[in-house]
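Q: Would you mind keeping the following structure in view while I ask a few things?
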Amino acid sequence: MFHDRAQIHAEAGRGGDGGLSFRREKFVPKGGPDGGDGGRGGDVVIVADPTLRDLSPLRRVKRLRAGRGGNGRGSRKHGADGEDAELRVPVGTQLLDEEGRLVADVTSPVARLVVARGGSGGRGNARFATPTRQTPRFAETGLPGEEAELTLRLKLVVDAALAGLPNAGKSSLLRRISNAKPKVADYPFTTIEPVLGTVEGPDARQLTVADVPGLIEGAADGAGLGHEFLAHLERARLLLHVIDASEGDLEERFRAIDRELAAYGAGLDARPQVVVLNKVDLLESPPSFALADERVVRVIATSAATGEGIEELKRALFELCSVAPTAGDELSLPEFLEYRPRSRRGPAFRILRTDRGYRVTGKPPPAAELEEALRQVGIRPGAEVEVAGETLEWDE
112 MFHDRAQIHA EAGRGGDGGL SFRREKFVPK GGPDGGDGGR GGDVVIVADP
162 TLRDLSPLRR VKRLRAGRGG NGRGSRKHGA DGEDAELRVP VGTQLLDEEG
212 RLVADVTSPV ARLVVARGGS GGRGNARFAT PTRQTPRFAE TGLPGEEAEL
262 TLRLKLVVDA ALAGLPNAGK SSLLRRISNA KPKVADYPFT TIEPVLGTVE
312 GPDARQLTVA DVPGLIEGAA DGAGLGHEFL AHLERARLLL HVIDASEGDL
362 EERFRAIDRE LAAYGAGLDA RPQVVVLNKV DLLESPPSFA LADERVVRVI
412 ATSAATGEGI EELKRALFEL CSVAPTAGDE LSLPEFLEYR PRSRRGPAFR
462 ILRTDRGYRV TGKPPPAAEL EEALRQVGIR PGAEVEVAGE TLEWDE
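The C-terminal residue of the sequence shown carries number 507 in the numbering used here, and the numbering is unbroken.
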């Protein structure tokens, strides 16, 4: 089944704790502090994968968590950085935040987008040594990583897309011109999800064509099945407007679909169109399409059943789609190559690890937030916590 939406909770890795140790070596009296820094937490990264067609691999992925940074150790050994968590998505995927705002658009096949950055590692006690404080008995804990609740929405990036009323023969046409094998039957709404096909051309050239469910009157307002997939027409450079030539009143059938494209918006009604008069094998005489429209660049009579006009249609496709499809400049958001969500906890305070427990520096947070932060760093009953000049004993 085709999936064009998914939700993911991205959680970057926590930074490692700074080391709390002193040099203890034979013949080296008063070795001093030598605790190394903690490693940085891993990032959550969105990676474009041109081999993916939809978001179905993500249907079971609800949470993506990056690795935690390693703790600092003695001898000034720094902790290892946490491992990044990568999520592979098809080209054309958009990322929306919790409020539904577009924050990133995967428009390049080599795109890498950081959606949650790992927390920085804590400094070891070697960093706090000064001429007047030569044996610091505390070190910093690592900071938590960023978190983001993201909605992934796919808009297919294709060369051309088939649009038309139900039972116009779009699926049969796609079978004829490409390697796709969509379901074909003699009843409306045979196609209930987008189908992609690859059209082979001269000089090993290839084009990608999408077939979406048939549109009916009111589709832009939610009627029928097509409204759910109109978004996949947005990035097609060419629309193949398929009309059943055996039904008569071809111009009115063209206008019916055109009204839905205009109502949906996104510039679909201004897109270049090739009008494909299908099922001409059912006619006794050639069809006539008299509507003058500057958007109609070709009118081609075809029969998916007999193959009439198929080669002409393929030649027109390669002639009109000579440039690789893109998402369009208006949809590219390069400034969002690094999406910085709001951190779960702000940097207003830090927790230092001491030889007796922990010390809270900076502006004291609310009690509930402080308790959660101390649990995150692994505090145990009996440990001392120094906050706002007072020393308290932790008790669950």
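Cβ atoms here follow ideal geometry from the backbone N, Cα and C, with glycine treated the same way.
(1) When the distance is taken between beta carbons, is residue 185 closer than 8 Å to residue 149?
(2) Buried or exposed: residue 252, going by 16 or more other Cβ atoms within 10 Å of its Cβ?
(3) Just to confirm my understanding: we take residue 160, look at its own chain, exclude 5 residues before and 5 after, and list those with CB closer than 7 Å. What are they?
(4) Taking the C-alpha atoms as reference points, what is the distance between residue 489 and residue 208?
(5) Can you check DSSP and say which residues form a bridge with residue 263?
(6) Taking C-alpha atoms, which residue in 204, 225 and 210 lies nearest to residue 217?
(7) Taking 8 Å as the threshold (beta carbon to beta carbon), is residue 400 in contact with chain B?
(8) State the Cα-Cα distance for the pair residue 246 and residue 183, rounded to the nearest angstrom.
(9) Please list the terminal residues of the continuous beta strand (DSSP E) segment that includes residue 470.
(10) Assign residue 508 to buried or exposed, taking buried as 16 or more other Cβ atoms, counted over all protein chains shown, within 10 Å of its Cβ.
(11) For the structure I just gave you, are there three or more beta carbon pairs, one from the stretch 154 to 170 and one from the stretch 251 to 268, closer than 8 Å?
(12) Taking the alpha-carbon of residue 266 as reference, which of 248, 421, 113 and 364 has the nearest alpha-carbon?
(13) What residue ranges within the stretch 375 to 438 form continuous alpha helix (DSSP H) runs of no fewer than 4 residues, ordered along the chain?
(14) I need the straight-line Cα distance from residue 386 to residue 125, nearest angstrom please.
(15) Put residue 257 into one of helix, strand or coil per three-state DSSP.
(16) Which term fits residue 121, buried or exposed, when burial requires 16 or more other beta carbons within 10 angstroms of its beta carbon?
(17) Give every residue of the same chain whose Cβ lies closer than 7 Å to the Cβ of residue 380, excluding the five residues on either side of it in the sequence, and list them in chain order.
(18) Kindly indicate which three-state DSSP category residue 216 falls into: helix, strand or coil?
(19) DSSP on residue 170, reduced to helix/strand/coil?
(20) What would DSSP say about residue 316, mapped onto helix, strand or coil?
(21) DSSP three-state label for residue 490, please.
(22) Per the DSSP calculation, residue 349 is bridged to which residue(s)?
(23) Among 117, 500, 128 and 215, which one has its Cα closest to the Cα of residue 174?
(24) Where do the ends of the alpha helix (DSSP H) carrying residue 286 lie?
(25) Using three-state DSSP, classify residue 223 as helix, strand or coil.
(26) Considering Cα atoms alone, identify which of 283, 319 and 480 is closest to residue 355.
(27) Quickly, what does DSSP pair residue 139 with across the bridge? List them, please.
(28) According to DSSP, is residue 123 part of a helix, a strand, or is it coil?
(29) At the level of alpha carbons, what is the spacing between residue 82 and residue 378?
(30) Whose C-beta lies closer than 8 Å to the C-beta of residue 177 among residues of the same chain, with five residues either side of it excluded?
(31) Let me make sure I understand the geometry here. Which of 357, 399, 321 and 426 has the alpha-carbon closest to that of residue 392?
(32) Look up residue 363 in the DSSP assignment and say whether it is helix, strand or coil.
(33) Between the Cα of residue 390 and the Cα atoms of 400, 418, 403 and 404, which residue gives the shortest distance?
(34) Hey, residue 497 and residue 470 are a contact pair by Cβ (cut 8 Å); roughly how many whole angstroms apart?
(35) With DSSP as the reference, label residue 159 as helix, strand or coil.
A: The relevant details are as follows:
(1) Locating residue 149 in the sequence shown gives position 38, counting from the first residue. Locating residue 185 in the sequence shown gives position 74, counting from the first residue. The Cβ-Cβ distance between residue 149 and residue 185 does not fall below 8 Å.
(2) Numbered from 1 along the sequence shown, position 141 holds the residue referred to as residue 252. With 16 or more Cβ atoms within 10 Å of its Cβ, residue 252 is classed as buried.
(3) Position 49 of the sequence shown, counted from the first residue, corresponds to residue 160. 199, 200 and 201, listed in sequence order.
(4) For this step, residue 489 is matched to residue 378 along the sequence shown. For this step, residue 208 is matched to residue 97 along the sequence shown. So the alpha carbons of these two residues sit roughly 31 Å apart.
(5) Taking the first residue of the sequence shown as position 1, residue 263 is located at position 152. Residue 263 pairs with 117 and 206.
(6) As a position in the sequence shown, residue 217 is number 106, starting the count at 1. Nearest option by C-alpha distance: 204.
(7) The displayed structure is made up of one protein chain only, and chain B is not part of it.
(8) Along the sequence shown, one-based indexing puts residue 246 at 135. Along the sequence shown, one-based indexing puts residue 183 at 72. Distance between the alpha carbons of residue 246 and residue 183 is about 17 Å.
(9) Working through the sequence shown from its first residue, we reach residue 470 at position 359. Where residue 470 is concerned, the enclosing beta strand (DSSP E) stretches over 468 to 473.
(10) Coverage of the chain is limited to positions 112 through 507, which leaves residue 508 absent and any answer about it impossible.
(11) Taking 8 Å as the limit for Cβ pairs, the verdict is that the stretch 251 to 268 does touch the stretch 154 to 170.
(12) Translated into positions along the sequence shown, residue 266 becomes position 155. For residue 266, the closest C-alpha among the options 248, 421, 113 and 364 is that of 113.
(13) 421 to 431
(14) Translated into the one-based positions of the sequence shown, residue 386 becomes position 275. Translated into the one-based positions of the sequence shown, residue 125 becomes position 14. Going from the Cα of residue 386 to the Cα of residue 125 covers about 56 Å.
(15) Numbered from its first residue, the sequence shown carries residue 257 at position 146. Three-state result, residue 257: coil.
(16) Position 10 of the sequence shown, counted from the first residue, corresponds to residue 121. Residue 121 is buried by the Cβ-count criterion.
(17) Start at 1 with the first residue of the sequence shown, and residue 380 comes out as number 269. Around residue 380, the same chain offers 369, 372 and 373 as residues with beta carbons nearer than 7 Å, after the five sequence neighbours per side are excluded.
(18) As a first step, residue 216 must be located in the sequence shown, where it is residue number 105. If DSSP states are grouped into helix, strand and coil, residue 216 belongs with the strands.
(19) In the sequence shown, the residue the question calls residue 170 occupies position 59. In this structure, residue 170 counts as coil in the three-state DSSP scheme.
(20) The residue you call residue 316 lines up with position 205 of the sequence shown. Reduced to three states, the DSSP call for residue 316 is coil.
(21) By 1-based counting over the sequence shown, the position of residue 490 is 379. Coil at residue 490, not helix or strand.
(22) By one-based count along the sequence shown, residue 349 stands at place 238. Answer is 271.
(23) For the purposes of this step, residue 174 is taken as residue 63 along the sequence shown, with counting starting at 1. Ranking 117, 500, 128 and 215 by CA distance to the CA of residue 174 puts 117 first.
(24) For this step, residue 286 is matched to residue 175 along the sequence shown. Note, residue 286: alpha helix (DSSP H), 281 to 288.
(25) For the purposes of this step, residue 223 is identified with residue 112 of the sequence shown, where counting begins at 1. Strand at residue 223.
(26) Here residue 355 is taken as the residue at index 244 of the sequence shown, counted from 1. In terms of CA proximity to residue 355, 283 leads the group 283, 319 and 480.
(27) Numbered from 1 along the sequence shown, position 28 holds the residue referred to as residue 139. Answer is 136.
(28) The residue labelled residue 123 in the question sits at position 12 within the sequence shown. Three-state result, residue 123: coil.
(29) Nothing about residue 82 can be read from this structure; the chain reaches only from 112 to 507.
(30) By one-based count along the sequence shown, residue 177 stands at place 66. So the list reads 122, 123, 124, 152, 153, 154, 155, 193, 194, 195, 196, 227, 229 and 256, once near-sequence residues are dropped.
(31) Taking the first residue of the sequence shown as 1, we reach residue 392 at position 281. When only C-alpha atoms are compared, the closest one is 357.
(32) By 1-based counting over the sequence shown, the position of residue 363 is 252. Reduced to three states, the DSSP call for residue 363 is helix.
(33) Within the sequence shown, numbered from 1, the residue matching residue 390 stands at position 279. Checked all of 400, 418, 403 and 404; the closest Cα to residue 390 is 418.
(34) The residue labelled residue 497 in the question sits at position 386 within the sequence shown. The residue labelled residue 470 in the question sits at position 359 within the sequence shown. Rounded, the Cβ-Cβ distance is 4 Å, consistent with contact.
(35) The residue given as residue 159 occupies position 48 in the sequence shown. In this structure, residue 159 counts as strand in the three-state DSSP scheme.
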